[in-house]
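Trainee: Numbering (the working numbering), first residue to last: 828 to 967.
Glycine residues also receive a C-beta, built at the ideal position from the N, C-alpha and C atoms.
Note that the structure is predicted; figures quoted are calculated from it, not measured.
Have a look at this one before I ask anything.
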Amino acid sequence: MIRAFKEEDTETVIRIWLAASVRSHSFIDKAYWEEKAEAMRTLYLPLSEIVVDEDRATGEVVAFMAFVEDYLAALFVAPSHQKRGVGSRLLAKKMRGTLDLSVYAENERAVVFYQKNGFRITGERIEEMTGHTELLMTFP
Numbered sequence: 828m829i830r831a832f833k834e835e836d837t838e839t840v841i842r843i844w845l846a847a848s849v850r851s852h853s854f855i856d857k858a859y860w861e862e863k864a865e866a867m868r869t870l871y872l873p874l875s876e877i878v879v880d881e882d883r884a885t886g887e888v889v890a891f892m893a894f895v896e897d898y899l900a901a902l903f904v905a906p907s908h909q910k911r912g913v914g915s916r917l918l919a920k921k922m923r924g925t926l927d928l929s930v931y932a933e934n935e936r937a938v939v940f941y942q943k944n945g946f947r948i949t950g951e952r953i954e955e956m957t958g959h960t961e962l963l964m965t966f967p
């Protein structure tokens, strides 16, 4: 069930973000993500509009996406729930008008996922903090 984020979801969302980040971004040291957890909690999440997806059977939050206006700042699915359509279901809730995002080029699974969901690559840049290439994508 997709619903609005509640304050009590914060720690679960942080755990999902960290586990999925480490798994999807093996080309970046795990310590980088661990160091960013506090900024997620105190800076990025409070600045975003967030929705979560709960597992229908357990009621457990298994995914979230965060927006800043028409920019998709985050879409993360717990590793145990990936490849089950959760991410696509979340995106379908927001797919109206224009939506922009950036994704590491080396995260090929994510690039393919976004392309399958109607995004197209519009450019690229070097992400300052990591030095890795990000692809800029937009929908439609």
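According to DSSP, what are the bridge partners of G924?
Mentor: Position 97 of the sequence shown, counted from the start, is the residue given in the question as residue 924. Answer by DSSP bridge pairing: none, since G924 is not bridged.
Trainee: Going straight from the alpha carbon of E865 to that of A846, what length do you get?
Mentor: Start at 1 with the first residue of the sequence shown, and residue 865 comes out as number 38. Start at 1 with the first residue of the sequence shown, and residue 846 comes out as number 19. Distance between the alpha carbons of E865 and A846 is about 15 Å.
Trainee: Which whole-angstrom value describes the C-beta separation of M964 and F946, a residue pair presumed to lie in contact below a C-beta threshold of 8 Å?
Mentor: As a first step, residue 964 is located in the sequence shown; it is residue number 137 there, counting from the start. As a first step, residue 946 is located in the sequence shown; it is residue number 119 there, counting from the start. Right, their Cβ atoms sit about 4 Å apart.
Trainee: Quick one: complete beta strand (DSSP E) runs, 3+ long, within the stretch 934 to 964?
Mentor: Runs of the beta strand (DSSP E) inside the stretch 934 to 964: 947 to 953.
Trainee: Could you say which of T885, Y931, V889 lies nearest to I855 if we only look at CA atoms?
Mentor: Indexing the sequence shown from 1 puts residue 855 at position 28. Of T885, Y931, V889, the residue nearest in Cα terms is Y931.
Trainee: Does S915 come out as helix, strand or coil in the three-state DSSP assignment?
Mentor: Within the sequence shown, residue 915 is the residue found at index 88, counting from 1. Looking at S915 - three-state DSSP - the assignment turns out to be helix.
Trainee: For a test of the three-state rule: what should DSSP assign to M828, helix, strand or coil?
Mentor: Against the sequence shown, residue 828 aligns to sequence position 1. If DSSP states are grouped into helix, strand and coil, M828 belongs with coil.
Trainee: Could you give the first and the last residue of the continuous alpha helix (DSSP H) run that contains L870?
Mentor: Taking the sequence shown and counting its residues from 1, one reaches residue 870 at position 43. That residue, L870, is in no alpha helix (DSSP H); it is neither H nor E in DSSP.
Trainee: Considering only their Cβ atoms, is the gap separating R842 from V878 smaller than 8 Å?
Mentor: Within the sequence shown, residue 878 is the residue found at index 51, counting from 1. Within the sequence shown, residue 842 is the residue found at index 15, counting from 1. No, the Cβ-Cβ distance between V878 and R842 is not below 8 Å.
Trainee: Could you pull the start and end residues of the beta strand (DSSP E) that A900 belongs to?
Mentor: For the purposes of this step, residue 900 is taken as the residue at position 73 of the sequence shown. 898 to 904 is the extent of the beta strand (DSSP E) around A900.
Trainee: Can you tell which of D880, T839, E838, E861 has its C-alpha closest to the C-alpha of K813?
Mentor: Examination of residue 813 is not possible in this model, given that the chain is present from 828 through 967 alone.
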